[in-house]
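Heads up, the sequence shown is in my numbering, so the first residue is 108 and it goes up one at a time. Some notes on the structure that comes next.
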Amino acid sequence: KPAPPVPRAPGGGELHPAILRHVNGACEPCVFHAATRGCRHGNHCTYCHLNHAPPVVDRRVRKRTRDKITSRLHTLLRPPVDLDAVHAELQKEAVHHIFGRVMIQDYLEDPDPTNFFNTRLQEQP
């Protein structure tokens, strides 16, 4: 069976490697791009900036897993937060586990992120 044709940009040019990974289903979505603030790395970001379905946690995440992820994110996002400095680490967490991705997206959308973990820890059973 022949390989599918390589997608081309309008005008016949080569597509950006990130777009090729997206077309092939091998991309990793940028957790920052999905946020209202957007990704400050723009075209230099190595993660996919195309639209993806929102993440869905289809089953309850084990408490031990939730606690580990929350602890790692709490360490990364301890105020004052320089999102550029922790960009790569947050992307790794988002790729590693869907719960981490959802939690990071919630943090990025929180109007008062300095209180995020206090509120979050009170809500968890």
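Beta carbons: idealized from backbone N, C-alpha and C, even for Gly.
> Within the chosen definition, does the segment 126-138 reach the segment 165-174 through at least 3 CB pairs nearer than 8 Å?
Replying inline: no
> How many Å lie between Tyr214 and Thr177 at the Cα?
Replying inline: 11 Å
> When burial is assigned at 16 or more other CB atoms within 10 Å of the CB, is His129 buried or exposed?
Replying inline: buried
> To which residues of the same chain is Val250 closer than 7 Å at the C-beta, ignoring the five residues directly before and after it?
Replying inline: Here the chain comprises residues numbered 108 to 232, so residue 250 is not present and cannot be evaluated.
> Cα-Cα, which of Ala133, Ile126, Gly132, Ala142 is closest to Glu216?
Replying inline: Ala142
>> Mapping the DSSP letters down to three states, classify Phe139 as helix, strand or coil.
In response: coil
> Can you tell which of Ile211, Ala192, Arg167 has its C-alpha closest to the C-alpha of Pro161?
Replying inline: Ile211
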